[in-house]
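Here my numbering is used: the sequence shown runs in plain steps of one and ends on residue 211.
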Amino acid sequence: MSKSSRLRLLGAPLLVLGAIGLLASCAPEPPPYRGIIFNAPSFSYIGRTFTPTATDTSGMPVTITLDASSTGCTFVGGVVSFNSLGTCVLNADQPGDATHDPSPRVQRSIAIIPCPPMRPGIWTGPMNLSADVSVSGSLFYGTIDLTSLGYGVQGFSGTVSCEVVNMTFNNVPLQGYLSPDGKTLSSNYQGIDILLNAPADAG
């Protein structure tokens with residue numbers, strides 16, 4: 009095979025790759041999204057409220073309604089109230105007018121769940137962290153072993169309001185959060201993130 013033939017064979021794949029790259033670079037960008045923009049949480053707790061808002065890229069007003077399949081919630085005066093266990097389904101519609109086409113309906117489902125419990129017992133975490141927690145209604149207290157972090161054993165007490173935990177720890181007010189299933193508690197102390205796991209028999 010001559011040198012020129014070999015060069016042509018070697019160059020063919022490069023030409024193909026170059027053509028593919030050129031086509032890709034020349035491909036038109038996908039058109040920008042047009043329609044309703046409607047964000048909502050995937051879940052909420054019993055007793056909470058939510059004020060939904062939605063916009064349309066056309067600038068036309070969007071109407072939000074409660075779907076007939078909804079359970080456990082009400083929608084009055086623009087405010088959704090989560091009253092009991094269920095699924096709240098919200099519809100966002102923009103019907104259009106003489107100069108604007110209607111937009112496809114956007115639907116959001118919000119699971120309504122109970123507030124997570126603060127569980128009594130031994131909570132554990134990384135680096136041998138452990139906390140002995142006692143609970144009485146919305147109040148809790150106990151001790152936490154932070155020896156591995158250089159803080160020794162410290163006492164704490166606080167209150168629980170649904171997933172929000174407010175406590176006083178080593179005379180410092182702290183706020184933490186229970187996970188939706190109540191199996192973890194996260195907080196931050198002196199710049200250190202602390203994640204505790206509920207007692208193993210917590211269910």
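Using N, Cα and C, we set each Cβ at its ideal position, and we do this for glycine too.
Suppose contacts are defined by Cβ-Cβ distances below 8 Å. Is residue i in contact with residue j by that definition?
| i | j | result |
| --- | --- | --- |
| V70 | A100 | yes |
| A48 | P60 | yes |
| A206 | G190 | yes |
| F164 | I121 | no |
| T79 | S89 | no |
| V87 | T57 | yes |
| A139 | L204 | yes |
| S169 | H108 | no |
Apply the 10 Å Cβ neighbour rule to residue i and answer buried if 16 or more other Cβ atoms are within range, or exposed otherwise.
| i | result |
| --- | --- |
| D64 | buried |
| L186 | buried |
| Q198 | exposed |
| G158 | exposed |
| A62 | buried |
| P124 | buried |
| S146 | exposed |
| S111 | buried |
Smallest Cα separation from residue i: which of the options?
| i | options | result |
| --- | --- | --- |
| I130 | I120, I121, V141 | V141 |
| R127 | I44, H108, P188 | P188 |
| T95 | V84, Q102, P103, S77 | S77 |
| T155 | L147, G145, M135 | M135 |
| L137 | L93, Q115, I200, N179 | I200 |
Enumerate in chain order the residues of its own chain whose CB-to-CB distance from residue i is below 6 Å, with the five nearest sequence positions on each side excluded.
| i | result |
| --- | --- |
| N174 | G166, T167, Q183 |
| V161 | T151, D153 |
| L193 | G184, L186, L204 |
| L93 | G80, I120 |
Assign residue i to one of three DSSP states: helix, strand, or coil.
| i | result |
| --- | --- |
| S169 | strand |
| T59 | coil |
| A106 | coil |
| A208 | helix |
| L93 | coil |
| T155 | helix |
| L193 | strand |
| L18 | Residue confidence for L18 is low, a pLDDT of 49 falling below 50, so the modelled location carries little weight and cannot support an answer. |
| D75 | coil |
Sorted by chain position, which residues of the same chain lie with C-beta nearer than 7 Å to residue i's C-beta, five sequence neighbours on each side aside?
| i | result |
| --- | --- |
| N196 | I202 |
Here's a check: name, in chain order, each residue in its chain whose Cβ is nearer than 8 Å to the Cβ of residue i, leaving out the five neighbours to either side.
| i | result |
| --- | --- |
| R113 | I44, N99, A100, D101 |
| T176 | F164, S165, G166, L182 |
| Q115 | D75, V97, L98, N99, A100 |
Determine whether the Cβ of residue i lies closer than 8 Å to any Cβ atom of chain C.
| i | result |
| --- | --- |
| G67 | Of the chains in the structure shown, none is chain C; there is only one protein chain. |
Any heavy atom of the ligand NAP closer than 7 Å to the CB of residue i?
| i | result |
| --- | --- |
| A48 | Judged by which ligands are present, the structure shown has none, so any question about the ligand NAP falls away. |
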